[in-house]
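> Protein chains in written order, with the numbering used here: chain A, 1 to 236; chain B, 237 to 492. The beta-carbon is built from N, C-alpha and C at its ideal position, and this holds for glycine as well.
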Amino acid sequence: MTIDIPFMWTAFKEIIKALPVTMMLTLIPLFVGFFIGIVVALIRVYKVKGLLAIANGYVSFLRGTPIIMHVMLIYFGFPLLIDAVAAKLGISVQTQLIPISTFVLTALSLSAGAYLSEVIRSGILSIPKGQVEAAYSVGMNTFQTMVRIILPQALAQSIPNFTNIFVGFLHTSSIAFLVSQKELTGAANIVASTNLKFLEAYIAAGIIYWLVTILVEGLSSLVEKRATSYMRGGVR
Amino acid sequence: MIYLQGIKKSFRNQEVLKGINLTIEKGKVVTILGPSGSGKSTLLRCINFLEKPDEGVVQIGDVRVVAEKANKKDIMALRKQSAMVFQHYNLFAHKTVLENVMEGLIVAKKMKKAEARQRSEQVLERVGLSDKLNYFPSQLSGGQQQRVGIARALALNPEVILFDEPTSALDPELVGEVLAVIKDIAKEGITMLIVTHEMQFAREVSDQVLFMDGGVIVEKGSPMEIFTNPREERTRKFLKRISGGLPVHWIQKTAY
Ligand SMILES: Nc1ncnc2c1ncn2[C@@H]1O[C@H](COP(=O)(O)OP(=O)(O)OP(=O)(O)O)[C@@H](O)[C@H]1O
Ligand SMILES: [Mg+2]
Numbered sequence: 001m002t003i004d005i006p007f008m009w010t011a012f013k014e015i016i017k018a019l020p021v022t023m024m025l026t027l028i029p030l031f032v033g034f035f036i037g038i039v040v041a042l043i044r045v046y047k048v049k050g051l052l053a054i055a056n057g058y059v060s061f062l063r064g065t066p067i068i069m070h071v072m073l074i075y076f077g078f079p080l081l082i083d084a085v086a087a088k089l090g091i092s093v094q095t096q097l098i099p100i101s102t103f104v105l106t107a108l109s110l111s112a113g114a115y116l117s118e119v120i121r122s123g124i125l126s127i128p129k130g131q132v133e134a135a136y137s138v139g140m141n142t143f144q145t146m147v148r149i150i151l152p153q154a155l156a157q158s159i160p161n162f163t164n165i166f167v168g169f170l171h172t173s174s175i176a177f178l179v180s181q182k183e184l185t186g187a188a189n190i191v192a193s194t195n196l197k198f199l200e201a202y203i204a205a206g207i208i209y210w211l212v213t214i215l216v217e218g219l220s221s222l223v224e225k226r227a228t229s230y231m232r233g234g235v236r
Numbered sequence: 237m238i239y240l241q242g243i244k245k246s247f248r249n250q251e252v253l254k255g256i257n258l259t260i261e262k263g264k265v266v267t268i269l270g271p272s273g274s275g276k277s278t279l280l281r282c283i284n285f286l287e288k289p290d291e292g293v294v295q296i297g298d299v300r301v302v303a304e305k306a307n308k309k310d311i312m313a314l315r316k317q318s319a320m321v322f323q324h325y326n327l328f329a330h331k332t333v334l335e336n337v338m339e340g341l342i343v344a345k346k347m348k349k350a351e352a353r354q355r356s357e358q359v360l361e362r363v364g365l366s367d368k369l370n371y372f373p374s375q376l377s378g379g380q381q382q383r384v385g386i387a388r389a390l391a392l393n394p395e396v397i398l399f400d401e402p403t404s405a406l407d408p409e410l411v412g413e414v415l416a417v418i419k420d421i422a423k424e425g426i427t428m429l430i431v432t433h434e435m436q437f438a439r440e441v442s443d444q445v446l447f448m449d450g451g452v453i454v455e456k457g458s459p460m461e462i463f464t465n466p467r468e469e470r471t472r473k474f475l476k477r478i479s480g481g482l483p484v485h486w487i488q489k490t491a492y
């Protein structure tokens, strides 16, 4: 067996053009998921009546099933749902015109929301109760205490966990190629399909994932060091 | 002024406060003594509703709250009348010394930032921390952290400051600096309610001493009365025990 190194380089240059798509399929779900995650985490921390059961069920189901299932369920299920609703309302929607990426992004956002809510919730729970009592004792209300005292510390301490989730979702975005999204993995497939040098193409794609991962991990540890310097006695 | 009437509190089936009545006049310094588990912390925490009493009336200044009918607004109003100094300091870990003191002024009292800063710097100077304004709590000794805790409370200029064993978590050599600060502000005429195990300090600083046991106030009186001539057997036993096996007359002597 020989490895065609020059082709690997060609493939690399071709595949990396799909990096923006991969980044979009990673960052948008994480961004949307972050807000879902905060809301879900707060519902669970404060045990909000009526919403608690829904929040628990959401997290339990999405973390209890593979992410590829979410993509498939939304990809096949959403059009049916939209058709049904449209029929009821007596309007016509051409579901086949909805871009596939919308389905993928929706599915990944919902998954990210579930995972991020757990990260945020455990961050919130790690803040000593004494600080909350101190905030109340100086006359702050529940909302002020959450926004000014708890969340800043909870989020700063969660940076390593956020990074893990980012890396996980960066890699998971590759499943979008199953529904023909031309992201890194999809691009590798296409590049190789001309000469069937799949191994070279996948090695090239793997290196790109790896480089992005290393870059993000390095960045994250820098940011974390700054954000949590208060804990180690770093002077401002 | 603090006025408590019929404060009761149970945790599960255990009645921790069995109907506390207490009036403290403005400007008085009152210490609470009592064995572990007697309900001292719970009483203090009921006064600012960190624990909600099951029954009773809490009044601080002119804010009066009836426990059974207390809503969020009442509780917020009551909390703004008091401030608390905690055994474990409970400083905001992500905020500097100065920010810790400013936080309540800006957020709860809606004070302008410049004014809050000025007031905070003043109070921090008072507790001897002018050179530590931009330090984080993690960079301070326990005694320094507790002095920030006291400054945070003092800055609010509350009707009353509640102290829950402010020196119990400190290394022995750091206790003195914190007690000195408390004594200093006691002179200022701010109402203070202090739970402490420091007998000498209680004797020196108090206008009135309360002895609590089993969820009731067993005895109250001037430091002289309580330390030299307690009426109740339970008080006598406690003082004997806390003096570390030394005979009671040792405390009596130091009380003069
Ligand atoms: N949140 C709580 N849940 C259940 N029980 C509690 C709670 N807080 C206090 N208690 C119980 O109430 C009783 C009184 O506690 P409290 O902390 O008021 O005592 P204390 O007089 O402050 O004691 P110490 O001198 O040890 O601080 C104890 O038996 C304690 O176990
Ligand atoms: Mg206590």
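For V252 of chain B, is the beta carbon positioned less than 7 angstroms from some heavy atom of ligand 2?
For this step, residue 252 of chain B is matched to residue 16 along the second sequence. Because no heavy atom of ligand 2 lies under 7 angstroms away, the Cβ of V252 of chain B does not count as near it: no.
> For the region 133 to 166 of chain A, which residues have a CB atom closer than 8 angstroms to at least one CB atom of chain B, in sequence order?
If the cut-off is 8 angstroms between Cβ atoms, the region 133 to 166 of chain A has E133, A134, A135, Y136, S137, V138, G139, M140, N141, Q144, R148, I149, P152, Q153 and A156 near chain B.
> Within 10 angstroms of the Cβ of Q380 of chain B, are there 16 or more other Cβ atoms? Answer buried if so, exposed if not.
As a working note, residue 380 of chain B is residue 144 in the second sequence. By the 10 Å Cβ count, Q380 of chain B comes out buried.
> From the DSSP output, in three-state form, read off G340 of chain B for me.
For the purposes of this step, residue 340 of chain B is taken as the residue at position 104 of the second sequence. Of the three classes helix, strand and coil, the one that applies to G340 of chain B here is helix, per DSSP.
> Mind checking if G123 of chain A is an interface residue toward chain B, Cβ cutoff 8 angstroms exclusive?
Residue mapping note: residue 123 of chain A aligns to position 123 of the first sequence, counting from 1. For G123 of chain A, the answer is no, since every Cβ of chain B falls outside 8 angstroms of its Cβ.
> Whose C-alpha, out of B:M448, B:D420, B:I453 and B:V454, is nearest the C-alpha of E196 of chain B?
There is simply no residue 196 of chain B to check, as chain B begins at 237 and stops at 492 in what is shown.
> Starting from D213 of chain B, trace the alpha helix (DSSP H) both ways and give me its first and last residue.
One cannot answer for residue 213 of chain B here, as it falls past the ends of chain B, which runs 237 to 492.
> Taking contact to mean at least 3 C-beta pairs separated by less than 8 angstroms, is the region 7 to 22 of chain A in contact with the region 170 to 189 of chain A?
With a cut-off of 8 angstroms, the region 170 to 189 of chain A and the region 7 to 22 of chain A count as touching, because enough Cβ pairs lie within range.
> Nearest to K456 of chain B by alpha carbon, out of B:I296, B:G270 and B:S404?
One-based indexing of the second sequence puts residue 456 of chain B at position 220. Cα-wise, what sits closest to K456 of chain B is B:G270.
> Spatial neighbours of L415 of chain B within its chain, please: CB distance less than 7 angstroms, with the 5 preceding and 5 following residues excluded, ordered by chain position.
What you label residue 415 of chain B is simply residue 179 of the second sequence in a count that begins at 1. Within the same chain, L415 of chain B has close Cβ partners T403, E434 and F437.
> Roughly how many whole angstroms lie between the Cα atoms of L369 of chain B and L25 of chain A?
By one-based count along the second sequence, residue 369 of chain B stands at place 133. By one-based count along the first sequence, residue 25 of chain A stands at place 25. Each residue's Cα considered, the two are about 45 angstroms apart.
> Enumerate in chain order the residues of its own chain whose CB-to-CB distance from R281 of chain B is below 6 angstroms, with the five nearest sequence positions on each side excluded.
Within the second sequence, the letter at position 45 stands for residue 281 of chain B. So the qualifying residues of the chain are E287.
> For the region 185 to 227 of chain A, list the beta strand (DSSP E) runs that are entirely contained and at least 3 residues long, ordered along the chain.
Counting only runs of 3 or more, we get nothing.
> Residues of chain B with a CB under 9 angstroms from the CB of Y115 of chain A: which are they?
Residue mapping note: residue 115 of chain A aligns to position 115 of the first sequence, counting from 1. Here the premise fails: no neighbours, minimum Cβ distance about 25 angstroms.
> From T106 of chain A to E217 of chain A, what distance separates their C-alpha atoms?
Along the first sequence, read from residue 1 onward, the residue named residue 106 of chain A stands at position 106. Along the first sequence, read from residue 1 onward, the residue named residue 217 of chain A stands at position 217. Near 26 angstroms, if we compare the C-alpha coordinates of E217 of chain A and T106 of chain A.
> Give the residues of chain B in contact with Y46 of chain A, contact being defined as C-beta atoms less than 8 angstroms apart.
Here residue 46 of chain A is taken as the residue at index 46 of the first sequence, counted from 1. Per Cβ cutoff of 8 angstroms: no residues; Y46 of chain A is ~13 angstroms from chain B at best.
> Is D400 of chain B near ligand 3, with its Cβ less than 7 angstroms from a heavy atom?
The ligand content of the structure shown is limited to ligand 1 and ligand 2, which means ligand 3 is not among them.
> List in chain order the residues whose CB is within less than 6 angstroms of at least one heavy atom of ligand 1.
Listed by chain position, these are B:F247, B:V252, B:G270, B:S272, B:G273, B:S274, B:G275, B:K276, B:S277 and B:T278.
> Taking buried to mean at least 16 other C-beta atoms within 10 Å of its own C-beta, is R467 of chain B buried or exposed?
Counting from 1 along the second sequence, the entry for residue 467 of chain B is found at position 231. Result: exposed.
> What three-state label does DSSP hand D367 of chain B in the structure shown?
Indexing the second sequence from 1 puts residue 367 of chain B at position 131. Three-state result, D367 of chain B: helix.
> For the region 341 to 353 of chain B, enumerate the residues whose C-beta is nearer than 8 angstroms to any C-beta of chain A, in chain order.
Per Cβ criterion, the list reads V343, A344 and K345.
> Hey, is the region 64 to 74 of chain A in contact with the region 93 to 106 of chain A, meaning 3+ C-beta pairs nearer than 8 angstroms?
These segments touch.
> Report the three-state DSSP secondary structure of R300 of chain B (helix, strand or coil).
Your numbering for residue 300 of chain B matches position 64 in the second sequence. Of the three classes helix, strand and coil, the one that applies to R300 of chain B here is strand, per DSSP.
> Helix, strand or coil for S246 of chain B, going by three-state DSSP, please let me know.
Counted from its first residue, the second sequence places residue 246 of chain B at position 10. In this structure, S246 of chain B counts as strand in the three-state DSSP scheme.
> Is V265 of chain B close to ligand 2? I mean its beta-carbon at under 7 angstroms from any heavy atom of the ligand.
Sequence index remark: in the second sequence, residue 265 of chain B carries index 29 (1-based). No, the beta carbon of V265 of chain B sits no closer than 7 angstroms to any heavy atom of ligand 2.
> Output the boundary residues of the beta strand (DSSP E) element that contains S318 of chain B.
Along the second sequence, one-based indexing puts residue 318 of chain B at 82. Note, S318 of chain B: beta strand (DSSP E), S318 to V321.
> Using DSSP with H/G/I as helix, E/B as strand and the rest coil, what is K129 of chain A?
Taking the first sequence and counting its residues from 1, the one referred to as residue 129 of chain A is at position 129. Three-state result, K129 of chain A: helix.
> Rounded to the nearest angstrom, how far is the Cβ of G50 of chain A from that of N326 of chain B, given a contact under 8 angstroms?
Taking the first residue of the first sequence as 1, we reach residue 50 of chain A at position 50. Taking the first residue of the second sequence as 1, we reach residue 326 of chain B at position 90. About 32 angstroms separates the two Cβ atoms, so there is no contact after all.
> Kindly list, in the order they appear in chain B, the residues whose Cβ is closer than 8 angstroms to that of Q131 of chain A.
As a working note, residue 131 of chain A is residue 131 in the first sequence. By Cβ distance, chain B contributes N326, L327, F328 and A329.
> From I203 of chain A to I150 of chain A, what distance separates their C-alpha atoms?
Along the first sequence, one-based indexing puts residue 203 of chain A at 203. Along the first sequence, one-based indexing puts residue 150 of chain A at 150. About 44 angstroms.
> Using a threshold of 7 angstroms, is the CB atom of V452 of chain B nearer than that to any non-hydrogen atom of ligand 2?
Locating residue 452 of chain B in the second sequence gives position 216, counting from the first residue. No.
> Where D310 of chain B and Q317 of chain B are concerned, what is the direct C-alpha to C-alpha distance, given to the nearest angstrom?
Sequence index remark: in the second sequence, residue 310 of chain B carries index 74 (1-based). Sequence index remark: in the second sequence, residue 317 of chain B carries index 81 (1-based). Between D310 of chain B and Q317 of chain B, the C-alpha separation is close to 11 angstroms.
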